[in-house]
Amino acid sequence: MSAGHMTLIKGLIDSSFQDPQGKSFQLDTREVLIDHGALSAAGEVALRYARPGLALLVADENTFEAAGDPVAESLDKAGFGMSGVMLEGEDGDPPLADEANLRAVQENINDEVTLVVAIGSGSVNDMAKLASFHAKKPFITVATAPSMNGFTSRIAAIIRGNIKRTEVCHAAKAVIGDLNVLCAAPKNLVRAGFGDLMSKPVSSACWKLAHLIKGEPFSQRPYEITSGAFNDVRARALEIGDRDPHAIRCLFEAIILSGFSMSIAGSSAPASGGEHLISHYWDMTALRDKRRKNLHGEQVGIGTLLTATLYQKLADLDVDQFDAASILADYPDIDQFESDIRKAHGDFADFVWPQAKAKYLPREQKLKEVEGVLRDWKKIWGQLAPMLEKPARLRGDLEGVGAVISIDELGIDRQEAYRALTRSKDIRSRYTVLDLAADLGLLEQLADETLLDSGVLGV
Ligand SMILES: [Zn+2]
């Protein structure tokens, strides 16, 4: 199966794609090396993308310990000089993807730097990726954990002023995944990578939904790229939990493909729907409320169980008796809507409002949209059903790998989970299943039922 993924990865690297304006482009990533002992090839790989000047290594204490020395040795042999920046978190936590850490990388990129090398995943990768993009320097990444899909995507997540957002940048020219390192990664990081990938059915469905209801561009190719990999990964949940090398390879390849699907679509939509909004919302409120910070993929796994359950509840509705005009009887005008949003989001209101506003429609237009949704209800579900998965099955997969399956394990209480279900739709202009439920006037009622039935409340 892995041979199939690598063939697909190589084929995509060699392909040309078209953006929505018809302009052809290739993936930024030219090379993916996954092997035992791959770290020792770092210098050789680097020479293909940069002249041997100064390489800036970006890592944190743990990631440098996992892979730093062999990478530095290999770069040295290839003729690179080196400087380094060690990102730090608070109180021994991993570093955040925030402005201070971005600045720390930026301040170390001078004229002599010919290459930026991330040694890490998560924040280390994202900060090195963003800083190298702004400085127009070639960037390669050495993954130390299969924990997220940002190695090969053209976006980076960053927290600016307590607000988490994604910004457009470039993807790594080369990704090096040493299986000895990836298999030794902490179990919670491996499970998080699995959790992030498990969002595929619901994120795909949200992308399709935005296409059907809002006319957003949807393309089949990015959707298909990760479908096979998703099935292979879930079939190996137990082995991934045990960090079996073949299974970890399979997970890492799927992560690479997931990043490619976003690069090809020109948007994070193939891998990020309502479940990701829930996770982003918790990232924001965790900072504000000084709650524990969880791994992205852990939160996405829970978000996936929630939105998969919400999808099921909506799919089960009999909308024959629904009447758009009655549903919208209390539909707010724009001023009322703004005041509702500001009240609901408090300190975040200035950030949230432009996003929420972008999705707002005047009453007449909203009425037409909801009438259309009700009229096309069966057609819409006919298209979504093949993409979706039963929540119980997804839960079984997450359990299989040993991932977090209750909000309790995330330090999130029921009220905060309810708030995420009902309010995270406001933080991004993207249309998702959360908006569909809201447009039918059912989000609050279904949020309660969803919390109960998804099983995330624990026992
Ligand atoms: Zn994600």
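The opening position of the sequence shown corresponds to residue 20 in our numbering, with each subsequent residue numbered one higher. Glycine included, every Cβ here is placed at the ideal spot set by N, Cα and C.
Residue j beta carbon less than 8 Å from that of residue i
i	j	result
Ser166	Gly141	yes
Ala224	Leu465	no
Ala91	Leu106	no
Leu231	Gln45	no
Val475	Leu393	no
Ala334	Trp400	yes
Leu453	Leu459	no
Ile244	Phe370	no
Phe271	Leu314	no
Ala343	Glu390	yes
Pro39	Pro236	yes
Asp427	Met217	no
Ile267	Ile275	no
Leu52	Ala60	yes
Gly214	Gly316	yes
Asp366	Arg438	no
Ile297	Ser443	yes
Ile177	Ala116	yes
Ala85	Ala203	yes
Leu470	Ala436	yes
Cβ-based burial, residue i [other Cβ within 10 Å; buried from 16]
i	result
His24	buried
Ile28	buried
Gln318	buried
Lys192	buried
Ser287	buried
His16	Summary: the structure shown does not reach residue 16, with the chain confined to residues 20 through 478, and so no result is reported for it.
Ile174	buried
Lys233	exposed
Lys148	buried
Arg179	exposed
Thr529	Outside the displayed range of the chain (20 to 478) lies residue 529, so it cannot be described from this structure.
Ser485	The chain is shown from 20 up to 478; residue 485 falls before or after that span and cannot be answered.
Arg11	Only positions 20 to 478 of the chain appear in this structure, which leaves residue 11 out of reach.
Asp112	exposed
Pro3	Summary: the structure shown does not reach residue 3, with the chain confined to residues 20 through 478, and so no result is reported for it.
Arg447	buried
Arg255	buried
Lys227	buried
Gly477	exposed
Ile353	exposed
Cβ distance (whole Å) where residue i is taken to contact residue j below 8 Å
i	j	result
Arg253	Ile283	22 Å between Cβ atoms; not a contact.
Gly62	Gly100	Wrong, their Cβ atoms sit about 12 Å apart, outside the cutoff.
Leu413	Ala273	Incorrect: roughly 15 Å between the Cβ atoms, too far for contact.
Ala150	Ile128	6 Å
Ala229	Gly196	32 Å between Cβ atoms; not a contact.
Gly421	Lys206	7 Å
Leu198	Asp54	6 Å
Ser34	Leu58	Not confirmed; about 28 Å, so no contact.
Lys385	Tyr450	Not confirmed; about 13 Å, so no contact.
Gly419	Leu257	5 Å
Close beta carbons around residue i, own chain, < 7 Å, minus the five adjacent residues each side
i	result
Lys96	Gly62
Thr82	Ile138, Gly139, Val143 and Thr163
Glu468	Lys332
Ala375	Ile360 and Asp445
Glu131	Gly72 and Leu73
Ser473	Leu324, Leu325, Thr328 and Pro410
Leu429	Asn313, Glu317, Gln318, Ile321 and Val423
Ile346	Val389, Leu459 and Gly460
Trp396	Val338
Ser102	Leu73, Leu75 and Asn127
Own chain partners of residue i with C-beta closer than 8 Å, once the 5 adjacent residues on each side are dropped
i	result
Tyr68	Arg49, Leu134, Pro157, Ile159, Lys192 and Ala193
Pro351	Asp359
Val187	Arg173 and Ile174
Ser43	Ser35, Phe36 and Gln37
Arg433	Ile426, Leu470 and Leu476
Residues bridged to residue i (per DSSP)
i	result
Leu73	Gly100 and Val132
Val51	Val194
Val187	Ile174
Gln37	Ser43
Val161	Ile138 and Ile195
Ala78	Met105
Ile182	Arg179
Asp117	Ile178
Beta-carbon contacts of residue i that lie in its chain and below 6 Å, excluding the five residues immediately before and after
i	result
Val221	Gly292, Glu294, Thr323, Thr326 and Ala327
Val104	Val77, Ala123, Val124 and Asn127
Met20	Confidence in Met20 is poor, its pLDDT being 48 and thus under 50, which makes the residue's placement unreliable; the coordinate value appears in the next sentence. Excluding residues within five positions, the ones whose Cβ falls inside 6 Å are Asp251.
Gly285	Asp38
Glu357	none
Ala368	Arg361
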